[in-house]
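Participant: Protein sequence lines, in the order shown, are assigned to chains G and Z.
Using the numbering used here, you'd call the opening residue of the first sequence number 2 and step up by one each time.
Using the numbering used here, you'd call the opening residue of the second sequence number 14 and step up by one each time.
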Amino acid sequence: MEFRTLDGNEAVASVAYRLSETIAIYPITPASVMGEHADDWAALGKTNVWGQVPGVVEMQSEAGAAGAMHGALQAGSLVTTFTASQGLLLMLPNLYKIAGELTPFCMHVAARSLATHALSIFCDHSDVMSARGTGFALLASGSVQEAQDMAAIGHAVTLESRVPVMHFFDGFRTSHEIAKIVPLRDDELKALVPYQGIEAHRNRRMTPDHPVLRGTSQNPDAFFQSREAANRFYQAFPDHLEAVMSRFADVTGRQYKLFDYVGHPEAERVLILMGSGAECAHETVEWLMAKGEKVGVLKVRLFRPFATERFLKALPDTVQHLAVLDRTKEPGAQGEPLLLEVSGALMEAFSRGDRPNLPRVIGGCYGLSSREFTPAMVCAVFEQLQEPAPKTRFTVGVRDDVTHLSLEVDSELDIESPETRRALFFGLGADGTVSSNKASIKILGEGTDLFAQGHFVYDSKKSGATTVSHLRFGPHPIRSSYQISQAQFVAVHAPQFLEKFDVLEHAAPGATVLLNVPWPAEQAWDQLSVEAQRVLVERKARLFVIDAASVAEQAGLDRRINTVMQVCFFALADILPRDEAIAHIKESIRQTWGRRGPEVVRRNVEAVDSALDNLHEVPVPGSVTATRTRPPRVPEHAPDFVQKVTRLLMDGQGDKLPVSAFPVDGTWPTGTSQYEKRAIAQEIPIWESDLCVQCNFCTMICPHTAIISKVFEPDSAKDAPDSFLAVPETHTPELEGLDYRVQVAPEDCTGCGLCVEVCPAKDRTQPKRKAINMRPVGEHVDDEATNLAFLRNLPDVPRDRIPRDFKSLPLLIPLFEYSGACAGCGETPYIRLLTQLLGDRLMIANATGCSSIYGGNLPTTPYTVNADGRGPTWNNSLFEDAAELGLGMRMGLGKLAGRARQLLEDMKAPLPVELYQALTSPCVTLDESAMAARRAAVVQLRNWLESQQGSEAQELDNLADELCPKSVWVIGGDGWAYDIGYGGLDHALASGQNIKLLVLDTEVYSNTGGQQSKATPMGAVAKFAAAGKETRKKDLGLLAMSYGHVYVAQIAIQSHSNQATKALQEAESFDGPALIIAHSPCIAHGYDLVHSPAQQKRAVDSWAWPLYRFDPRRIEEGLPPLQLDSVRQKVPMKAYMQEEARFRMLELRDPQRYELLVANASDAAKEQRELYMQLAGIHFEPHDPVNEKTAGDGERHD
Amino acid sequence: MTDLITRWLGLELKSPLVLGASPLTDELDTLKACVQAGAGAVVMHSLFEEQLVAEQMAAHKFIDSRINMDAEARSFFPESEIFEMGSGSYLQRLQQLKTELGVPVIASLNGISPGGWTQHARELEQAGADAIELNLYDLATDAGDTADTLEQRQLAVIRSVVEQVSVPVSVKLSPFYSALPAFVAGVEAAGARGLVLFNRFYQPDIDLEQLALSREVVLSTSAELPLRLHAMARLYNRTGLDMAASGGVHTGDDAAKAILSGATVVQLVSTVLQHGPAAFERLGGELTTRLASIGYQSLQEARGALSLDNVPDAGTWERLNYARLLHGWPSSL
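1) Is G/M275 helix, strand or coil by DSSP?
2) Sort out for me which residues DSSP pairs G/R776 with in a bridge.
3) Between G/R603 and G/I687, how many whole angstroms is the CB-CB distance? I'm expecting something under 8 Å.
4) Taking only three categories from DSSP, how would you classify G/A550?
5) Quick one: residues in its chain with C-beta nearer than 7 Å to the C-beta of G/A157, no 5 flanking neighbours on either side, listed in chain order?
6) Quick check: what's the CA-CA separation for Z/T3 versus Z/E201?
7) Determine contact between the region 283-300 of chain Z and the region 48-62 of chain Z, defined as no fewer than three beta-carbon pairs at a distance below 8 Å.
8) Once DSSP output is grouped into helix, strand and coil, what is the label at G/G653?
9) Can you tell me whether G/A25 is helix, strand or coil according to DSSP?
10) Would you kindly check if the distance between the Cβ of G/A431 and the Cβ of Z/M70 is under 9 Å?
11) Compare the Cα-Cα distances from Z/T43 to each of Z/L114, Z/D151 and Z/V184 and report the closest residue.
12) Give me the Cβ distance between G/L1149 and Z/S259, rounded to the nearest whole Å; I'm assuming they're in contact under 8 Å.
13) I'd like the ranges of any beta strand (DSSP E) spanning at least 3 consecutive residues and lying wholly in the region 219-272 of chain Z.
14) Kindly list the residues whose CB is nearer than 7 Å to the CB of Z/P217, restricted to its own chain and excluding five residues on each side of it in sequence; keep chain order.
15) In chain order, which beta strand (DSSP E) runs of at least 3 residues are fully inside the region 95-127 of chain G?
16) Spatial neighbours of G/F1 within its chain, please: CB distance less than 7 Å, with the 5 preceding and 5 following residues excluded, ordered by chain position.
17) At a CB-CB cut-off below 9 Å, which residues of chain Z make contact with G/G1011?
18) Sort out for me which residues DSSP pairs G/P659 with in a bridge.
19) When the Cβ atoms of the region 14-29 of chain G are set against those of the region 459-467 of chain G, are three or more pairs found closer than 8 Å?
20) What three-state label does DSSP hand Z/G33 in the structure shown?
21) Does the beta carbon of G/K1190 sit closer than 9 Å to a beta carbon anywhere in chain Z?
22) I'd like to confirm the pairing. Which residues does DSSP put opposite G/W669 in its beta bridges?
23) What is the rounded straight-line gap between the Cα of Z/G328 and the Cα of Z/L242?
24) Thinking just about the alpha-carbon of each residue, which of G/H1180, G/E1156, G/R1114 and G/Y1088 is nearest to the one in Z/E68?
25) In chain Z, which residues lie with their C-beta within 9 Å of the C-beta of G/G856?
26) Under 9 Å between the Cβ atoms of G/V565 and G/S611?
27) So what's Z/P343 in DSSP terms, helix, strand or just coil?
28) Please state if the CB of G/E59 and the CB of G/G1010 are separated by a distance shorter than 9 Å.
29) I want to see whether chain Z comes within less than 9 Å of G/L558, judged by CB atoms only; does it?
30) Using a Cβ cut-off of 8 Å, which residues of the region 749-781 of chain G contact any Cβ in chain Z, in chain order?
31) Jot down the residue ranges of each uninterrupted beta strand (DSSP E) in the region 278-319 of chain Z, minimum 3 residues, whole runs only, in chain order.
32) Flag this pair as yes or no: are the beta carbons of G/M1134 and G/S1103 separated by less than 9 Å?
33) Using the DSSP secondary-structure output, state which residues sit across from G/H168 in a beta bridge.
34) Could you give the DSSP three-state label for G/Q949: helix, strand or coil?
35) Since Z/K45 meets chain G, which of its residues come closer than 9 Å, beta carbon to beta carbon?
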């Protein structure tokens, strides 16, 4: 039998692709990969089973994709889509339509949590359950093999039944799990999907040759009957599905049922559930049966239409106690959806007399947002069923110390077969650990008889991310749909993990532990902490070390250690003969990297060959010899909440926290990133005060606020540590008398090097020495950490003392620091600058995307507060609605401020006149003196209100802060602004409200992995534009200018910070809507981002990214509203394009097309420039109300 | 009318004026216009060893290491199987030029390590290159590297390339050899068929404002020609290798001087970059006129007429030149 190892997404996409003609999609985690595969295959010309290359279209949103699906179905095409979570919600209106029209259609959902109190990209069934009223059949699968098979069954049964099918499987758990499966061949798929069904679907298509009308609007006399007319199709569906499943068994030998029962034939206790959890239950039931227990599990394949008769038949008659497990939560419901369905079916059967008794039924929730669901939890549920008075509603997998719904779980229970080999790998995102583990699974899955499984866990950081790979190999199919708790092999690929996490706690007794460390083998033991040594001693582990980074570096692989560690894994795990394993690894390198070129292969092979010479066993003594314990995870001065909650989240121990530890409504403190010292840089910038010219470029460009420039009163630093040098501020007259220092945050820096790149100051005897230079972190971390702590506590100089020019602005206190953004991120400097300008008066509405992940993904958040405790307040609603969210904030703010002013007016008489005036005089957000005065006046007001009686005084006290103006900024990426949120953005601009929209334009969907947006420039290769984007980038700025009342600017802070800072301040001062489009270099552009300032300059100089400001206020001054800040085209378009891999890829693949698109892009830039030059020359007559009225009158008379 | 037909590495060229290695390789229309204007052959820009390696490793670093590192973004580009970071695009371009131009196309390789990269020579031959110009570009910065070490390394590279292919190989040299004739003898023994004299090094200038190196490309001038003339005059008849002048030819007279010094072909780059393909027509006309005015019937007749062996005042090409200039200097004041 042929096997393949692949993940659920690929397995499902492969079937859906081959059984479809039209595919409309939109990227969303964790389903994006399915659409990407489809797009890739179409680009490569792969055909479906009928010899056609499916058409793949990426739409502006899932709502758009659903509309396109509906249309293609109406035209008679075979259609599919892939989605999850919020994407599924956006499709709902069309799903009702598609089902209402009884349209054969099968879609695939990688089930994911819906955003409620927080967004989560992880798995539960809340998305699918929200679609249970659509009229779609809901088909569940629980493993990679099942997901592939059920996908095929879904496509077949919809054609036979006319009921559209939503096939779902667990996001990340199944979608991203790599497993060894039997693939479905084209002939098998063809045999499953008979032509008659296709023909019938086509015959119902819309065509002027046989015209019909659908989508009527119906009245009370017709609608109801029409809905009832579809009943019989739902009644017939279970028969159709059973028939298809039988046919599937005939073709493949794998038999599925609508409800698959596994367990004792006379089981007394049975679990009912669906999805991957059922596989874990299956495994546990077999283990319990072997111990003689009468238990079973009923796997629900078909949730809707709920097939009551088949359900009753599948359940053993002997069952007395049932637990129904739902992977979703419906607050306030009598029970979760599967529980209600099961209860209803049993009740009805009993009341009809079809069942002699009613088993006792309890219902529980498990696995929300990919919370682990383990055999121990399954056992806990079975035990609960034995209780005389079990909890009728319960949770499992969480410790609920508030409503006490949770079950106790024996966390030590391990039921895994000793024949299954288990290996855990802790890696860094960029070190290739996951990639080589995927290769290892392929080697073992496809090269041996072993079954294999790989599951990968990522943290949410975009720089220095941690990955954990869970690999299982064994002689039997693997059903363990949960993470490994006890591994026989533990590899720690980065030495810093030993200091941060309890990485060795998962080592099984006698385990082999492999560490990549920079120390010689003979020193390795002594370098370990007490905690690490204790585990190794107690578990009697064998310890091996290798300096893999040096091996990789010597092979010219720049510390990419994955192949070196892969060799060590095979050498130590003893699954394959060593030579055979190494031959497989080399072959895998050739297959994977051969297309990159021979040098890449040569260097990787060289690393493989030298790996084993550097692998050494370290004897583990009988006792712990270390005295050094692991450093505390967060500093002692961290607030209580950080100590008690955030610390555990950082440690990867969050799931041990009880319910009571958490906010009830998703409200979290800001200012916590300062406690998460990630220490991911190997080199950090060190300041040379003698060379510094105090330009603050380093501070301006730093993506992580890991370099700050600060001015302070010299007296305030009298007690500075010895290493804390400062120099007099000498470059800004307003700051005379202050001291100045540039400070690195040594454990927050990512080592991107941008600060050094832009530093203009050089040592004239040795120009390579600048005013900041990258130096080894180990030599400086202690001093600089002390210096940073000292600097952070120095009093800030008054804000109004710092000039608002681009060189001085970085001296303002940033209220956005140490985010998890990528090293070299081009977005974050804009946000940091915004918080420097407006942080203590700033409300942010953030679209989902990179900026919501590095801005608001737990465990810590980068938005922080100033010494007064004020700082940005932030909310992420959805991907599509950030502009509307911001508009609503502004409206709401206006009402509160209006009420405060109203109350103030009501109290005007008794209020001291000066205080009244101070609270009502003009005050705008950018006027620091006025803001400071207003804040002081509010304090006085509150003091005064203390002596006042009455509810109004109390109310004004509550609202008094609203007398200080606030600034509302909407932040999002180009996917939001140009595509999914464009309607809202447009409306917000049209509204005339005083809100500001900042578009961090990376010209691609960065967060989901580089799919094209309408901001993607012509000629760029992106996902869904694999052949290079053919059309021009949408001119969002021009569209906004067309309103006439919108401030619009296009900026590029890394290369033109002067213009950028001007634009941001003009936008803020403009009393109306403003749109700022900000050029944001991104790793999705494919170059070393340390060169991004130069590359951004090329973008500006080539007119790929013209700089301009459109200020409607200028019309009043008799000036053209548009000012071009880049006038000439200084370099050819090609000089810009050739520096980025996204363009270069096209040149390598299709040079002629590249030349054509370069030429077209040049023409486009030329035309845009000519248009803008003309616009910048337009003069309007200043508005004259009298003349306008006259002109209007004249028109009326016409 | 002087016959301009010449033979270079065994290839018959309609004109000795050849487009040298330049960025123009990427501009098909310009190349066609050059041929139309009389270019006898086209040398492609170099397939640059370090660039190939650097690009592969950069892709490995900036694309491949960003795969499987994030829960949401599996990667940032479409599946990489649809493009490659090797010599593919160069070979495609070579094939295209072979089909479209109708004159010999000479591919160029630039590298210094005799390792695996010389296999590219075979790829170039298979893609249709009429000859291969090997650009030896080796700067000594290590005090341990003697002239002999470097020269032996270069000869090994030549041998390994010559072994890979059956098309003729020419070698483009730098002007900096202590014993040029001896080294050239080694080049010949290594199996090369021609010399290209000389490489104009990419020599960074110094930016006094920024205290940094500036990377601007500086075009040649006629002032650079005498260095080439001198070398060719010394080598003519002392080597069996065909010689091409490269660097400093901007007029028909420049070209005539090169041929009189012993050149078989004359490579043009800077003047074409400055004046476009029409430079071939102008220089061709000027060269014909000049040679005809002297009375040469063919290029063969003119070649090497003023080389060391043939020139009446041979000392001028030799060391005496130095003494006389110094001696004569005061009197010219």
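A virtual CB, placed ideally from N, CA and C, is assigned to each residue, including glycine.
Facilitator: Taking the definition as stated:
1) As a working note, residue 275 of chain G is residue 274 in the first sequence. Of the three classes helix, strand and coil, the one that applies to G/M275 here is coil, per DSSP.
2) Position 775 of the first sequence holds residue 776 of chain G. G/R776 is bridged to G/I685.
3) Numbered from 1 along the first sequence, position 602 holds the residue referred to as residue 603 of chain G. Numbered from 1 along the first sequence, position 686 holds the residue referred to as residue 687 of chain G. For a cut-off of 8 Å, the C-beta gap from G/R603 to G/I687 is around 36 Å, too long to register as a contact.
4) Here the question's residue 550 of chain G lines up with position 549 in the first sequence. Reduced to three states, the DSSP call for G/A550 is helix.
5) Your numbering for residue 157 of chain G matches position 156 in the first sequence. Result list for G/A157: L193, V194 and V245, in chain order.
6) In the structure displayed, chain Z extends from 14 to 346; residue 3 of chain Z sits before or after that span and is not available.
7) At 8 Å Cβ cutoff, the stretches touch.
8) Mapped onto the first sequence, residue 653 of chain G falls at position 652. In the structure shown, G/G653 sits in coil (DSSP, three-state: anything other than H, G, I, E or B).
9) Translated into positions along the first sequence, residue 25 of chain G becomes position 24. It is a strand residue.
10) As a first step, residue 70 of chain Z is located in the second sequence; it is residue number 57 there, counting from the start. As a first step, residue 431 of chain G is located in the first sequence; it is residue number 430 there, counting from the start. By the CB criterion at 9 Å, Z/M70 and G/A431 fall outside the cutoff.
11) Along the second sequence, one-based indexing puts residue 43 of chain Z at 30. It is Z/L114 whose Cα lies nearest to the Cα of Z/T43.
12) By 1-based counting over the first sequence, the position of residue 1149 of chain G is 1148. By 1-based counting over the second sequence, the position of residue 259 of chain Z is 246. Contact between G/L1149 and Z/S259 fails: their C-beta atoms lie close to 29 Å from each other, not under 8 Å.
13) Listed in chain order, they are 225-227 and 255-259.
14) Working through the second sequence from its first residue, we reach residue 217 of chain Z at position 204. Excluding its 5 nearest sequence neighbours in each direction, Z/P217 has C-beta neighbours in its own chain below 7 Å: L226, S227 and R228, listed in chain order.
15) Whole beta strand (DSSP E) segments, 3+ residues: 107-112.
16) The structure shown does not extend to residue 1 of chain G, since chain G spans only 2 to 1199, so no value can be given for it.
17) Translated into positions along the first sequence, residue 1011 of chain G becomes position 1010. Going along chain Z in sequence order, the residues near G/G1011 (Cβ under 9 Å) are A86, S88, F89, F90 and P91.
18) The residue given as residue 659 of chain G occupies position 658 in the first sequence. Under DSSP, G/P659 shares a beta bridge with G/R400.
19) No, the region 14-29 of chain G is not in contact with the region 459-467 of chain G.
20) Reading the second sequence from its first residue, position 20 is the one you call residue 33 of chain Z. Look at Z/G33 here: in three-state DSSP terms it is coil, with no helix or strand label.
21) Counted from its first residue, the first sequence places residue 1190 of chain G at position 1189. In this prediction, G/K1190 scores a pLDDT of 44, lower than 50, which makes its location untrustworthy; the coordinate-derived value is nonetheless stated afterwards. It does not: the Cβ of G/K1190 has no partner Cβ on chain Z nearer than 9 Å.
22) Here residue 669 of chain G is taken as the residue at index 668 of the first sequence, counted from 1. G/W669 is not bridged to any residue.
23) Counting from one through the second sequence, the residue named residue 328 of chain Z turns up at place 315. Counting from one through the second sequence, the residue named residue 242 of chain Z turns up at place 229. Cα to Cα, the separation comes out at about 14 Å.
24) Working through the second sequence from its first residue, we reach residue 68 of chain Z at position 55. With respect to the C-alpha of Z/E68, the residue from G/H1180, G/E1156, G/R1114 and G/Y1088 having the closest C-alpha is G/Y1088.
25) Sequence index remark: in the first sequence, residue 856 of chain G carries index 855 (1-based). Here the premise fails: no neighbours, minimum Cβ distance about 15 Å.
26) As a position in the first sequence, residue 565 of chain G is number 564, starting the count at 1. As a position in the first sequence, residue 611 of chain G is number 610, starting the count at 1. It is a contact, given that the beta carbons lie within the stated cut-off.
27) Stepping through the second sequence from its first residue, residue 343 of chain Z is reached at position 330. Caution applies to Z/P343, whose pLDDT of 42 falls short of 50 and renders its modelled position unreliable; the model cannot decide the point.
28) Residue 1010 of chain G sits at position 1009 when you count from the first residue of the first sequence. Residue 59 of chain G sits at position 58 when you count from the first residue of the first sequence. No, the pair does not count as a contact, with Cβ atoms beyond the cut-off.
29) In the first sequence, the residue the question calls residue 558 of chain G occupies position 557. G/L558 has a beta carbon lying within less than 9 Å of a beta carbon in chain Z.
30) The region 749-781 of chain G vs chain Z, Cβ under 8 Å: K763, R765 and P768.
31) Counting only runs that start and end inside the region 278-319 of chain Z, the beta strand (DSSP E) elements of at least 3 residues fall at 278-281.
32) Residue mapping note: residue 1134 of chain G aligns to position 1133 of the first sequence, counting from 1. Residue mapping note: residue 1103 of chain G aligns to position 1102 of the first sequence, counting from 1. Closer than 9 Å, so yes.
33) Here residue 168 of chain G refers to the residue found at position 167 of the first sequence. Checking the DSSP bridge columns, you'll see G/H168 partnered with G/H109 and G/L140.
34) Numbered from 1 along the first sequence, position 948 holds the residue referred to as residue 949 of chain G. Note: G/Q949 maps to coil in three-state DSSP.
35) By one-based count along the second sequence, residue 45 of chain Z stands at place 32. Within 9 Å Cβ-Cβ: nothing; Z/K45 doesn't reach chain G, min ~14 Å.
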